[in-house]
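Visitor:
Residue numbers (our numbering): 1 to 938.
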C-alpha cells in the first residue's frame, strides 16, 4: 500500500487533525473492505475511483451514506423509528466528523406515470403558483379578458364621472318562481327599499313601492329595476365614499352579482362580481386548478394521466406513406369493411379530397376530416361507433381489440388538465403550452416575459426559483427534456441529474452529497458542465463525494481516493489518496497508470469489413428526422451522439421491438418507421443485455445464473460417499429441501426483525452459516466440500476444477468478462448493475456456437467500469463476434467508440436540435465531421 496512506492512518489513530476539516472512517469492513481507514476532506470535491468490485460503493454508499442516514434516524423518537426503513449499522469501528448525508443514485426513482420532469424538479409547482397568482383568464368565445369587479372598481368609476352628473345605482327586479309580484314587492319593503325605477322613458321614471302595492295587479315590465341609491357627483369625502360603497355592496348582494350604474338617465354601465363573460362562468385561478394530481384540476376524462384506452391512430393508419386509395386506413381493407373506403372515394370530388395522396402529406384539416367525416361520408370515428354497437358479434369484438391502445386523451389533448385551466394565460401562453416546450425554449420564453409592475412584484420570488432550476437543468445537459416528459421514461443517468437539480434548488449547506457515477449517459461535451454544477454544490460549503471513472472528473477533483488493487477479495484497500498530479506519479495506482499513459486501451489494428446489414428506413419517432440507418452485422457497431440526440429512440424503441415483432416475440410498442429491410433472416434471436439485476431471490448467484452449478452438483453426487448415502444432485442445492439446512433454508443467516431498530442478521446456529446439513458437507472433492466451493472466487475455482472440463468451460466466461474476483456463491443482490450485465454476457459466451446468429444490444455497458475493465469488456465483445454473432452498443465512452468497426453518430444537439444522422462509417472518418461533438472528442 502507498506510504501516503499508512501515514494518513497514523494520523487518524492519533486524531491529530480536527474533525472540522475531515471526515474520518476507521476500520471499515463492509463487504470486501479490509479494515480500511481513510480521511475525506470536508467542503471539497472528492472522487473515489478504482476497478469494478474494488469496494468503492462499499466505502461510499454502504459505509459513509448508511452511517449518515442511520444517525439521523437514531435521533428520532422510538415511535417514529418503527415506521422508517430500518437501517443497518455498517461494520466499522467509528466514523467521526460526518455530516447529514444525501445520496443521489443511478435509479429511476419513480414508476408512476403521474410523475413528470416538471414535478420531479419542482418547476411545475412554481409554474402552478405563477399561473394562480398572475394568470389572466381569457374567454374562449370572444378572446376578451375575463374580469371580476370589486366594490372599489364601481366607487372609482363613479368618482371619475363629471361633477354634477346624476347617478342611479340600480339592480334588475327579479321574481322568484313561486311568488307573485305583490309578495315580491312586500319583501323589498321589508328589506328597506322604497322605490322602483323604470328605464326607457325620458330620463326614466320612479315608482313608490307603497303606491304599487295599493293596485290590484301591479304592472311590472322587463325594464323595471330596484333603486338602491341616488348620488350627485361632487368632490366626495370619506363619508360619501363609504355610503356609495355600502350601496354598491348591497346591489351586488341583492342581485347575486350584478350592479348597474345609470348616468343622467341616458347611459348605463354594467358591473359584475361574478367571474363570467360570454355567458360562461369561469373558475378563479388557484394552484390546485393547475394540478393534474388533484381531482379539482385533473381532466375528468383521463383523470390527469393524459392518455386513455381508446382507438389508437397509429394502429388504424400504420403506414402513412399509403394513400386512402391504396388502403392506408387498415380497418377499411377487405370486402365488407371496404364499403367505407369506397364511399369516401366516390364522394371525394364533392369536397376536393385527394384520395391518391399519401396520408402523411395531407393537411391537418384533411387528416382531421378522415376521423370526423362530413355530410358526404362516414369518418373513422363513426365507423368505430358502428363497431361498438355490434360488439355482441364476436368478429366485431376482435376488430375493436385489434385497434385499441393507449391514445392521447381527446378531451385535454394530452395536457392532463381540465379545459378551464387552459383559459388562463401568462404572457400569451397557457400552462399546457409551457410544459410542452423543451427546457432550452422555456428559458428563452422566461427571459422574454414582459410583466406589469404589479405582476412583477408578485412573481419576483417565483421567477428566481424557476430561473435557478432551469439553469441547472441546462448545466447538467438536459436542455432537450420537456416538463411533461413522464419520469419513468428517463434513463438512470437522466434521473440522477434531475435529482441533482432538485438538491441544488434546496440550497443546503454543510451536507455530504454522495453521487454514483453522475457522468453516465453524458457525452464528453456535457461532462464539464456537470463538473461546474458539482463545484457549485461544493462552493455552498458541502462535501461532494463522487464514485467515478471519468478522467475529466478526476482532473477537476480536489482529492482522489483510489481503491484496489484489484476486485472483490483481491481489493478492498485504499491504494492511494491525494491529488490528481500525485496520483499520476504513484507506482501502485492502476488508475494513475492509465491516466498517465503507461497503460492504454489500444484500438484494433484492423477494422472488420461487413457484408450484410439490417436497414431501418424513415425513422421519425420523437426527434428523429426521417433518417435511414444501416446496422452492419458480425462487427462491433457503436451508436454515439450527445445526450438526447435519439440513440435510445433509434435502437431500443424502433430497432429492438421491430425485430422482436418480426421474430414473433413479445415486444413493447414499436416507434414510427417506414420499413425494415436487409439481412433480417440471418439473425436467429435478439438479446437486449441491460443492467437489471439477475435473479429475484437473495439465493440467486452468478454460478446458478450461468448454469454451471448443475455440473458442480453432478460432480459431488458422483463421489463415493454420496453414492453410499444415496445423495442425488438435488441434495447439493440450496433452493430445494433435502440437503440444505432446514433452519435458514440455505440462506446461511437468520434475520431477526426488531421493531424500531435495524434488523439483526445472525449467522445460522444450526449450520454455522454453511447453508447445508452436516452429512452433505462431509462429501468432499479434492478435500473441499460444497460450501468451500461456493466460497471460492471464479479464478480460484478455475484452477481447482482444472481436471473437470465441463465445469471449467461453464465458469471460464465469468473470468473472461472480468468477473474473476466474484465468489461463485455470491448473492446476486450484492452485484452492481455493471456486474449483473457482465454476468448475462458471460452466460451467452458460455453457450458457444450452437446458438445460431444472435444480435446483442448493449445499452452503455461501460457503466461502472474502470479503464482496466473496459479492456476486458472489449475482448468479450470480440469473442462474441468471433463466434459469429453481432454486437450493437449505445455508448459515450471514447475508448469503445475508437475500438468499433462501424460508428453511427446522431446529433448534432439533443432534443429538437438532434435526431439527424451525422455520420456512418469507420471511427477514423468521424474526426472530419465538423458538426459532430463525438468527432471533436475523439
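Glycine is no exception: its CB is placed at the ideal position from the N, C-alpha and C atoms.
Would residue 132 and residue 313 be called neighbours here (beta carbons separated by less than 8 Å)?
Guide: Numbered from its first residue, the chain shown carries residue 132 at position 132. Numbered from its first residue, the chain shown carries residue 313 at position 313. No, the Cβ-Cβ distance between residue 132 and residue 313 is not below 8 Å.
Visitor: Entirely within the stretch 83–164 and at least 3 residues each: give me those beta strand (DSSP E) ranges in chain order.
Guide: 94–96, 101–104
Visitor: Would you call the stretch 902–912 in contact with the stretch 631–650, where contact means no fewer than 3 C-beta pairs closer than 8 Å?
Guide: yes
Visitor: For residue 941, I'd like the list of residues in its chain whose CB is within less than 6 Å of its CB, leaving aside the five on either flank, ordered along the chain.
Guide: Lying outside 1 to 938, the shown extent of the chain, residue 941 is not represented and no answer is given.
Visitor: Compute the Euclidean distance between the alpha carbons of residue 761 and residue 30, then round it to the nearest angstrom.
Guide: Position 761 of the chain shown holds residue 761. Position 30 of the chain shown holds residue 30. Distance between the alpha carbons of residue 761 and residue 30 is about 14 Å.
Visitor: With residue 462 and residue 126 assumed to form a contact (beta carbons below 8 Å), what rounded beta-carbon distance in angstroms separates them?
Guide: As a first step, residue 462 is located in the chain shown; it is residue number 462 there, counting from the start. As a first step, residue 126 is located in the chain shown; it is residue number 126 there, counting from the start. Between residue 126 and residue 462 the Cβ distance is about 5 Å, and since that is below 8 Å, they are a contact.
Visitor: Which one of 234, 154, 177, 27 has the shortest CA to CA distance from residue 269?
Guide: Within the chain shown, numbered from 1, the residue matching residue 269 stands at position 269. Closest option to residue 269, Cα to Cα, is 154.
Visitor: How many Å lie between residue 694 and residue 822 at the Cα?
Guide: As a position in the chain shown, residue 694 is number 694, starting the count at 1. As a position in the chain shown, residue 822 is number 822, starting the count at 1. The straight-line gap from Cα to Cα measures roughly 14 Å.
Visitor: Start and end of the alpha helix (DSSP H) containing residue 166?
Guide: For the purposes of this step, residue 166 is identified with residue 166 of the chain shown, where counting begins at 1. That residue, residue 166, is in no alpha helix (DSSP H); its beta strand (DSSP E) goes 166–172.
Visitor: Return the chain-ordered list of same chain residues with a C-beta closer than 8 Å to the C-beta of residue 193, the five sequence neighbours on each side being excluded.
Guide: Residue 193 sits at position 193 when you count from the first residue of the chain shown. Same-chain partners within the cutoff: 209, 226, 227, 228.
Visitor: Roughly how many whole angstroms lie between the Cα atoms of residue 350 and residue 335?
Guide: Looking up residue 350 in the chain shown gives position 350. Looking up residue 335 in the chain shown gives position 335. Answer to the nearest angstrom: the Cα atoms are 24 Å apart.
Visitor: Using 8 Å as the threshold, is the stretch 379–399 in touch with the stretch 91–101, meaning 3 or more CB pairs across them?
Guide: no
Visitor: To the nearest whole angstrom, what separates the beta carbons of residue 567 and residue 51, a pair I think is in contact under 8 Å?
Guide: Taking the first residue of the chain shown as 1, we reach residue 567 at position 567. Taking the first residue of the chain shown as 1, we reach residue 51 at position 51. Right, the Cβ-Cβ distance comes to about 5 Å (below 8 Å), so this counts as a contact.
Visitor: Alpha carbon to alpha carbon, how far is residue 370 from residue 661?
Guide: Taking the chain shown and counting its residues from 1, the one referred to as residue 370 is at position 370. Taking the chain shown and counting its residues from 1, the one referred to as residue 661 is at position 661. Their Cα atoms are separated by approximately 29 Å.
Visitor: By DSSP, does residue 807 sit in helix, in strand, or in coil?
Guide: Translated into positions along the chain shown, residue 807 becomes position 807. If DSSP states are grouped into helix, strand and coil, residue 807 belongs with the helices.
Visitor: Taking contact to mean 3 or more Cβ pairs, one atom from each stretch, closer than 8 Å, check whether the stretch 832–844 and the stretch 466–476 are in contact.
Guide: no
Visitor: For the alpha helix (DSSP H) that contains residue 842, what are its first and last residues?
Guide: Within the chain shown, numbered from 1, the residue matching residue 842 stands at position 842. From DSSP, the alpha helix (DSSP H) with residue 842 extends over 833–847.
Visitor: Considering residue 316, what are the terminal residues of the alpha helix (DSSP H) in which it resides?
Guide: On the chain shown, position 316 is the one that residue 316 refers to. 313–316 is the span of the alpha helix (DSSP H), which, as asked, contains residue 316.
Visitor: Starting from residue 683, follow the alpha helix (DSSP H) in both directions and report where the run begins and ends.
Guide: What you label residue 683 is simply residue 683 of the chain shown in a count that begins at 1. That residue, residue 683, is in no alpha helix (DSSP H); it is neither H nor E in DSSP.
Visitor: If we count the other Cβ atoms within 10 Å of its Cβ and call it buried at 16 or more, is residue 8 buried or exposed?
Guide: For this step, residue 8 is matched to residue 8 along the chain shown. For residue 8, the pLDDT reaches just 47, beneath the cut-off of 50, and the residue's location in the model is therefore unreliable, leaving the point undetermined.
Visitor: Give the straight-line distance between the Cα atoms of residue 230 and residue 251, rounded to the nearest whole angstrom.
Guide: Looking up residue 230 in the chain shown gives position 230. Looking up residue 251 in the chain shown gives position 251. Rounded to whole angstroms, residue 230 to residue 251 spans 12 Å at the Cα level.
Visitor: Using 10 angstroms around the beta-carbon of residue 267, count the other beta-carbons present and answer buried if the total reaches 16, otherwise exposed.
Guide: As a position in the chain shown, residue 267 is number 267, starting the count at 1. The residue is exposed, with fewer than 16 neighbouring Cβ atoms inside 10 Å.
Visitor: Residues in its own chain within less than 6 Å of residue 714 by CB, not counting five upstream and five downstream?
Guide: Counted from its first residue, the chain shown places residue 714 at position 714. For residue 714, where only same-chain residues beyond five positions count, the Cβ hits under 6 Å are 729.
Visitor: Alpha carbon to alpha carbon, how far is residue 316 from residue 389? Give it in angstroms, no decimals.
Guide: Start at 1 with the first residue of the chain shown, and residue 389 comes out as number 389. Start at 1 with the first residue of the chain shown, and residue 316 comes out as number 316. Spanning the two alpha carbons is a distance of roughly 19 Å.
Visitor: Could you pull out every unbroken alpha helix (DSSP H) segment of at least 4 residues lying fully inside the stretch 743–778, listed in chain order?
Guide: 774–777
Visitor: Could you check where the alpha helix (DSSP H) with residue 404 kicks off and where it finishes?
Guide: Taking the first residue of the chain shown as 1, we reach residue 404 at position 404. First-last for residue 404: 404–408, but that is the beta strand (DSSP E), not the alpha helix (DSSP H).
Visitor: Going by the CB atoms, is the gap between residue 914 and residue 644 shorter than 8 Å?
Guide: Position 644 of the chain shown, counted from the start, is the residue given in the question as residue 644. Position 914 of the chain shown, counted from the start, is the residue given in the question as residue 914. Taking 8 Å as the Cβ cut-off, residue 644 and residue 914 qualify as a contacting pair.
Visitor: How many angstroms separate the CA atom of residue 260 from the CA atom of residue 672?
Guide: By one-based count along the chain shown, residue 260 stands at place 260. By one-based count along the chain shown, residue 672 stands at place 672. Going by the C-alpha atoms only, they are around 60 Å apart.
Visitor: From residue 930 to residue 918, what does the alpha carbon distance come to, in whole angstroms?
Guide: Taking the chain shown and counting its residues from 1, one reaches residue 930 at position 930. Taking the chain shown and counting its residues from 1, one reaches residue 918 at position 918. Computed Cα separation, rounded: 9 Å.
Visitor: Output the distance between the C-alpha atoms of residue 74 and residue 63, rounded to the nearest integer angstrom.
Guide: The count along the chain shown starts at 1 and reaches residue 74 at position 74. The count along the chain shown starts at 1 and reaches residue 63 at position 63. Between residue 74 and residue 63, the C-alpha separation is close to 16 Å.
Visitor: Let me check one thing: in DSSP terms, what residues is residue 544 bridge-paired to?
Guide: As a working mapping, residue 544 is identified with position 544 in the chain shown. Paired residue(s): 45, 513.
Visitor: When DSSP builds the beta bridges, which residues end up paired with residue 282?
Guide: Counting from 1 along the chain shown, the entry for residue 282 is found at position 282. In DSSP, residue 282 forms no bridge with anything.
Visitor: Taking C-alpha atoms, which residue in 339, 122, 254 lies nearest to residue 172?
Guide: Locating residue 172 in the chain shown gives position 172, where the first residue counts as 1. Residue 172 has its Cα closest to that of 254, out of 339, 122, 254.
Visitor: Thinking C-beta only, is residue 26 closer than 8 Å to residue 94?
Guide: Mapped onto the chain shown, residue 94 falls at position 94. Mapped onto the chain shown, residue 26 falls at position 26. Yes, the Cβ-Cβ distance between residue 94 and residue 26 is below 8 Å.
Visitor: Could you say if the stretch 588–604 and the stretch 646–664 meet the contact criterion of at least three C-beta pairs nearer than 8 Å?
Guide: no
Visitor: Residue ranges of each beta strand (DSSP E) run of no fewer than 3 residues wholly in the stretch 310–370, ordered along the chain?
Guide: none
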